[in-house]
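Colleague: This structure is in C-alpha cells; I'll ask about it shortly.
Residue numbers (this note's numbering), protein chains in the order written: chain A, 3 to 239; chain B, 114 to 176; chain C, 1295 to 1527.
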C-alpha cells in the first residue's frame, strides 16, 4: 500500500487539481462583476475547504484522544494541525490578494478573515506547544486540551467579531453561481482534497515514526495501549 | 462546507459592488497568477519539507 | 473523570482551603500583586507616550488601553500562580492530597480573578486621571464588566498557565496560547468599558456583557472538565 499511496495518490491529485485549475482559468466564464479576478476562487476556496477539513480532523482526533489515548490519534492530530496551518495560510494569502482588486484593500476586518487569522495564530500556538513539551504522553494530552479549547473558541470568535464589525459589514445572502464555475470549483476542490490527504498520510507516518522512536528511548513510556494514564511516574517540576 | 463557500462567494459578490461600484473589474490577471503561484510554491515547499523530515529507518527505505 | 466516588473532602471545602492557602502566600509576600500593579501602571503610561499627547485619542480609546494593560499584567500573574507550585514539587503534593483535582482549577482561577479584579479596581482611578475620562453611565456597570472580564481572563488563563508552567519556554508559550483565545473576551470587555465611559445611547451594554457572560460560562465549564487531565499523571 505504501507505494500506491505515495505515488498513485500524488499523481491522481496533481492530475485532478491541474484539470480543475485549467477548467477554472481557461474554460469557465469570467464573473459578471469581478471579471477574471474571480478565477482566484478556484484556488482560494479549495484551500479554505481543505484547511477546514484538516482542522476538523484535528479536532476529532483531539477529542478521541481524550477518551482513548493512542499514539495514532496523537500523530493524526499533529499531522492535521500542521497541514491545516499550511493550507490555511495559503488560503488567507490568496484571500488577501483577492481582496485587493475587489474590496480595494488587502485586509478588511471582515469576521471570516479575522476569525481565520485568529485560528491560524491559535494553531501556531498549538504546534509550538508540541515542540516545547518533551514527554510524549504529556505532549499528547496537553495538546489535545489546547486543540479542543481552540476549536471551541472559533464560533465564539466568529460571533464576537461579527458583532464588533456590525456597523461596517453587511452580511450577504448566498448568490447563484454559473454551473460551469461550479464544475471547475468542484474539480479543483477534489484535487486539493487529494493533495491534502497525501500530505496528511505522509506527515502522519512521520509523526508516528517519531513517536515510536521517542517511546523506544529507555526511560520513556510503554507502548500504545498503556498510554491511558498512570503509565509512568511523574516528573512534573 | 457548501454553505460556507456560498457565503464566502456571496460576501465577496456583495462587497464588490458596494466598494468598487457596479462596473465589472477589467483585467487583474496579475492577481490571479500571483495567487496560483504562491499556492503552488507553498505546496511544493511543504512537500520538500516533508521529504527533508522523512522518517529515517523503518517506514521509508530510501536513505 | 478521575475522581473516586466517595470523596474524602468535598469539592467546595477543598477549593476554599486551596484558595485560602494561595491568598495567604500572596498576602505574606505581596510580590505578585505589587509586580503586576506596577507593570500595569507602566503599561497605561506607555500607551500615552506611544500615542503622543493627543488627549482626544486617549480619551476615546481608554477602555481598550485599560483592558490591554490588564491582559498584559494577567500573563505575569497567571504564570506566577503556577510557578509557586513548581517549587519544592508542591504540585505533586497537591495531587497526592485526597482532594478533587478540579478544586485546584477552581481555587487557582478564583485566586487569579481576585488578583486581577483588585488590579483593575486600582487602575480605574489611574485611567480616569491619565486619560481624562469619566464614568458616564454607572460605576456598577463598570464593576460588573471588570469582574466578568477578569473571570473571563482567569478561566482559560489558568488552564494554559498549568500547561505552560511545565513546558520549556513557558514565558513565550503562555501569551501565544492565551492571546488568540481571549480575543472575544478582550473585545467585549473593552467595548463595554468604552460604553460606560462614553455613554451608551443605543443600549448595547447588555449584549456585550451577555457575550462576556457566555464566554465565562463556556470556559469555566471547559476548564473545570479538562483541568484534571492536564495535571494527571
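All C-beta atoms in this analysis are idealised placements derived from N, C-alpha and C, irrespective of residue type, glycine included.
Alpha carbon to alpha carbon, how far is residue 150 of chain B from residue 1305 of chain C?
Modeller: Near 58 Å, if we compare the C-alpha coordinates of residue 1305 of chain C and residue 150 of chain B.
Colleague: So is residue 127 of chain A buried or exposed if we call it buried at 16+ other beta carbons inside 10 Å?
Modeller: Under this definition residue 127 of chain A is a buried residue.
Colleague: For a contact defined as C-beta to C-beta under 8 Å, what are the partners of residue 45 of chain A on chain B?
Modeller: The answer, in chain order, is 148, 149 and 152.
Colleague: Just the Cα atoms here: how many angstroms apart are residue 1430 of chain C and residue 1419 of chain C?
Modeller: Cα to Cα, residue 1430 of chain C sits roughly 14 Å from residue 1419 of chain C.
Colleague: Which word fits residue 112 of chain A, buried or exposed, when buried means at least 16 other C-beta atoms lie within 10 angstroms of its C-beta?
Modeller: So residue 112 of chain A ends up on the buried side.
Colleague: For residue 1368 of chain C, which of C:1472, C:1515, C:1494 and C:1486 has the nearest alpha-carbon?
Modeller: Nearest C-alpha to residue 1368 of chain C: C:1472.
Colleague: Using 7 Å as the threshold, is the C-beta distance between residue 1313 of chain C and residue 1401 of chain C below it?
Modeller: Cβ distance < 7 Å, so residue 1313 of chain C and residue 1401 of chain C count as in contact.
Colleague: Among A:23, A:101, A:67 and A:160, whose alpha-carbon lies nearest the alpha-carbon of residue 240 of chain A?
Modeller: Past the boundaries of the shown model lies residue 240 of chain A; chain A is included only from 3 to 239, so the question cannot be answered.
Colleague: Please report the straight-line C-alpha distance between residue 157 of chain B and residue 192 of chain A, rounded to a whole angstrom.
Modeller: Cα-Cα distance, rounded: 18 Å.
Colleague: Applying the criterion that 16 or more other CB atoms from any shown protein chain within 10 Å of the CB defines a buried residue, is residue 1350 of chain C buried or exposed?
Modeller: With fewer than 16 Cβ atoms within 10 Å of its Cβ, residue 1350 of chain C is classed as exposed.
Colleague: Note down, in chain order, every chain A residue with its Cβ under 8 Å from the Cβ of residue 157 of chain B.
Modeller: Simply none; closest approach about 11 Å.
Colleague: Touch check for the region 73–86 of chain A and the region 30–46 of chain A: three-plus C-beta pairs under 8 Å?
Modeller: No, the region 73–86 of chain A is not in contact with the region 30–46 of chain A.
Colleague: Give the residues from the region 67–78 of chain A that approach chain C closer than 9 Å (Cβ to any Cβ), ordered along the chain.
Modeller: Cβ contacts with chain C come from 68.
Colleague: Does the CB of residue 96 of chain A have a neighbour CB from chain C at under 7 Å?
Modeller: Output row for residue 96 of chain A: interface = no.
Colleague: With distances taken Cα to Cα, identify the nearest neighbour of residue 1249 of chain C among C:1443, C:1352, C:1373 and C:1322.
Modeller: This structure does not reach residue 1249 of chain C, given that chain C is present from 1295 up to 1527, and the question cannot be answered.
Colleague: Return the chain-ordered list of same chain residues with a C-beta closer than 7 Å to the C-beta of residue 1356 of chain C, the five sequence neighbours on each side being excluded.
Modeller: Cβ neighbours of residue 1356 of chain C beyond the five flanking positions: 1421, 1425, 1427 and 1491.
Colleague: List the residues of chain A whose Cβ lies closer than 7 Å to the Cβ of residue 139 of chain B, in chain order.
Modeller: Chain A residues near residue 139 of chain B: 37.
Colleague: Cα separation between residue 1381 of chain C and residue 151 of chain A?
Modeller: So the two alpha carbons sit approximately 28 Å from each other.
Colleague: Smallest Cα separation from residue 59 of chain A: which of A:89, A:109, A:41 and A:78?
Modeller: Answer by Cα proximity: A:78.
Colleague: Is residue 33 of chain A helix, strand or coil by DSSP?
Modeller: Reduced to three states, the DSSP call for residue 33 of chain A is strand.
Colleague: Residue 29 of chain A versus chain B: which residues are under 9 Å apart at the beta carbon?
Modeller: Those do not exist, as residue 29 of chain A stays about 14 Å from chain B at its closest Cβ, beyond 9 Å.
Colleague: Tell me the rounded alpha-carbon separation between residue 26 of chain A and residue 40 of chain A.
Modeller: Cα to Cα, the separation comes out at about 10 Å.
Colleague: Indicate the three-state DSSP secondary structure (helix, strand or coil) for residue 1493 of chain C in the structure shown.
Modeller: Note: residue 1493 of chain C maps to coil in three-state DSSP.
Colleague: Assign residue 1339 of chain C to buried or exposed, taking buried as 16 or more other Cβ atoms, counted over all protein chains shown, within 10 Å of its Cβ.
Modeller: By the neighbour-count rule (16 or more Cβ atoms within 10 Å), residue 1339 of chain C is not buried but exposed.
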